[in-house]
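Basically the numbering used here = 1-based index in the sequence shown + 6.
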Amino acid sequence: MLIMACLFFLWKDRDKLFSLKAIFNIFYLFFFGLAPMIQFYNGANSFFKGRPILPHEYATVSMIFLGIVIAYNLLYYYFQNRKTPLLEKLKKVFENFKIGNPQILLWVAIGIFFIKISLHELNIINIFSRNNAESTITNPVLLLALKNTKTLLIIFPITLFTYVLAGKLKVNKYWWGILAIISLVNAMPIGIPRALIAVVYLPIIVILFPKIFKVKYFTLIFIFALSYFFPFFNQFRGGIHSFKDIDFSFETSHLNSGHYDNFYNFALTFFDMPVTFGKQLLGVVLFFVPRFLWPEKPYGSGRFLAESAGFDWKNVSENFFAEGYINFGIFGIVVWVILYALMTMVIDRKGKQSFIKNSAFKIFYLQMIFLSFYIMRGDLMSTFSMLFNFLLVNIFIIKTLDFYERDNKH
């Protein structure tokens, strides 16, 4: 029933622009529809040496998310027909500026490139290797600096390059080449998390090849990309020593693996975990506070679940709505559904307008579309931190362009 509900809402919006709403339905089609069905059929009812979920728990979680999917889509349609001032200020930030050419942004990108090389102790090879990037750093100060800034260091140059490709920043061919090289080195696909690969590269593909992402093709293309590239880039997580080690084949066994642990983790959260009454949410909001200043700072809910359930692997996902439950129980799930439906509707509305007006919000909107997939997967502390970094980078670029234009007028 959950699979049918997701397919129905995808079919109902088949003639509309790709959206956060479409990503929502695609996510639950895979992670709470197809993957759990395959896992249940093959007897894969536990991961990470945790306890197996029981048939009645499987049925209960399936019904909960059938209700979530239906409620989200209906609330989205309800909010769509109402006026809301939400994100109006954000809209102004992204739309009220003209194309500029402030070289300060380009020099910032170059500075970031050299900072990243310095943080990797001048070992450029480490930048290309996801598994060795931090393990070979011996200086504790550099290691702390890298952990706290690595997302910003990755996303700023390539986001700036996306603005160039979209025609929002004018550069000559030399700056274009320099920025392209810096962007690729800083965000090498085999050296960054899968979440970042999608968020920084797919907007570029959409901008360069808009015809491929016509409305009627978006869902099919995204489903194919999810099915192929999600397991493909996971190979680099453990390290690839030669080209021969790379497997380019298309396979579906990953649906039966811990990469699709969202359903299982939600079941354990719902049936076994205590409600924290906002403690986990406080850790999310104050994610930037260092742990040495706040020793009791909560870990992400994925790790909280892993330690409570006795997993042999701590870096696990925690569904977005599981975050609502672990903070405020059933009431938290209801609030999370309402807020997410409202937020995604407003962002979709502004995003569609940005394509019509060709405004700068289009860049952030494309990043949000692909980031929302990982917001759903969780956990919230890591995805909220990532969202904050993308928002910070985009606002900094826009404000710099805006300041440059106003300064030139005087």
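Even for Gly, the Cβ is constructed at its ideal location relative to N, Cα and C.
| query | result |
| --- | --- |
| Using only the alpha-carbon positions, how far apart do F30 and E302 sit? | 33 Å |
| Which same chain residues, not among the five before or five after G384, have their C-beta less than 6 Å away from its C-beta? | S323, E324, N325 and F326 |
| Indicate the three-state DSSP secondary structure (helix, strand or coil) for L185 in the structure shown. | helix |
| To which residues of the same chain is G284 closer than 6 Å at the C-beta, ignoring the five residues directly before and after it? | N333 |
| If N321 and T165 are in contact, beta carbons under 8 Å, what's the gap, nearest whole angstrom? | N321 to T165, Cβ: 26 Å. No contact. |
| Any idea what DSSP makes of F175, helix, strand or coil? | First, the residue type needs correcting, since residue 175 is Leu and not Phe in the sequence shown. Looking at L175 - three-state DSSP - the assignment turns out to be strand. |
| Sorted by chain position, which residues of the same chain lie with C-beta nearer than 8 Å to L16's C-beta, five sequence neighbours on each side aside? | A28, N31, I32, L35 and T225 |
| In angstroms, rounded to a whole number, what distance separates the CA positions of I187 and F167? | 10 Å |
| With a cut-off of 8 Å, do at least 3 Cβ pairs link the stretch 50–57 to the stretch 304–318? | yes |
| Count the other C-beta atoms from every protein chain shown that fall within 10 angstroms of the C-beta of A328, then say buried if there are 16 or more, exposed otherwise. | buried |
| Within 10 Å of its beta-carbon, does F103 have 16 or more other beta-carbons around it, so buried, or fewer, so exposed? | Note on F103: pLDDT 47, under 50, position unreliable in the model; the coordinate value appears next. Burial call: buried. |
| Could you compute how far the alpha carbon of I160 sits from the alpha carbon of N192? | 5 Å |
| By Cβ distance, which residues of its chain are closer than 6 Å to S391, with the 5 residues on each side in sequence left out? | F293 |
| Where does Y305 sit, in a helix, a strand or coil, going by DSSP? | coil |
| For F337, which three-state DSSP category applies? | helix |
| Between G335, I339, M374 and K174, which has its C-alpha nearest V352's C-alpha? | M374 |
| Sorted by chain position, which residues of the same chain lie with C-beta nearer than 8 Å to T157's C-beta, five sequence neighbours on each side aside? | L202, S391, M392 and N395 |
| Can you find the residues in the same chain that come closer than 6 Å, C-beta to C-beta, to S141, ignoring five residues on each side of it along the sequence? | Per-residue confidence for S141 stands at a pLDDT of 48, beneath the threshold of 50, marking its modelled position as unreliable; the derived number appears in the next sentence. Nothing meets the Cβ criterion. |
| Helix, strand or coil for L292? Go by DSSP, reduced to three states. | coil |
| Between which two residues does the alpha helix (DSSP H) carrying E324 extend? | Where E324 is concerned, there is no enclosing alpha helix (DSSP H), given that its DSSP letter is neither H nor E. |
| DSSP three-state label for K217, please. | coil |
| Could you check which residue in G49, V75, T66 and L26 has the C-alpha nearest to that of A11? | V75 |
| If you measure between the beta carbons of V205 and F376, is that distance less than 8 Å? | yes |
| Does the stretch 266–277 come close enough to the stretch 36–52 that 3 or more CB-CB pairs lie under 8 Å? | yes |
| Taking the alpha helix (DSSP H) that A50 belongs to, which residues open and close that run? | Counting along the chain, A50 falls outside any alpha helix (DSSP H), and DSSP gives it neither H nor E. |
| On the criterion of 16 or more Cβ atoms from any shown chain inside 10 Å, does F24 qualify as buried, or is it exposed? | buried |
| Can you give me the start and stop residues for the alpha helix (DSSP H) that N377 sits inside? | According to the sequence displayed, residue 377 carries Leu and not Asn. Start and end: F367 to R383. |
| Whole-angstrom Cβ separation of Y82 and T350, contact assumed at under 8 Å? | 7 Å |
| Are the CB atoms of S307 and Q286 within a distance shorter than 8 Å? | yes |
| Looking only at its chain, what residues have a beta carbon closer than 6 Å to the beta carbon of I339, apart from the 5 residues adjacent to it on each side? | F327, G330 and Y331 |
| So, with DSSP's three-state summary, where would you put K104? | With a pLDDT of only 49 at K104, under 50, the local geometry of the prediction cannot be trusted, and the value read off the model is given with reservation. Note: K104 maps to coil in three-state DSSP. |
| Give me the residue from P61, G117 and L372 with the minimum Cα distance to I211. | L372 |
| Could you please give the first and the last residue of the uninterrupted alpha helix (DSSP H) stretch that includes L35? | L26 to L35 |
| If you count every other CB in all the chains shown that lies within 10 Å of the CB of R200, and 16 or more means buried, which is it? | buried |
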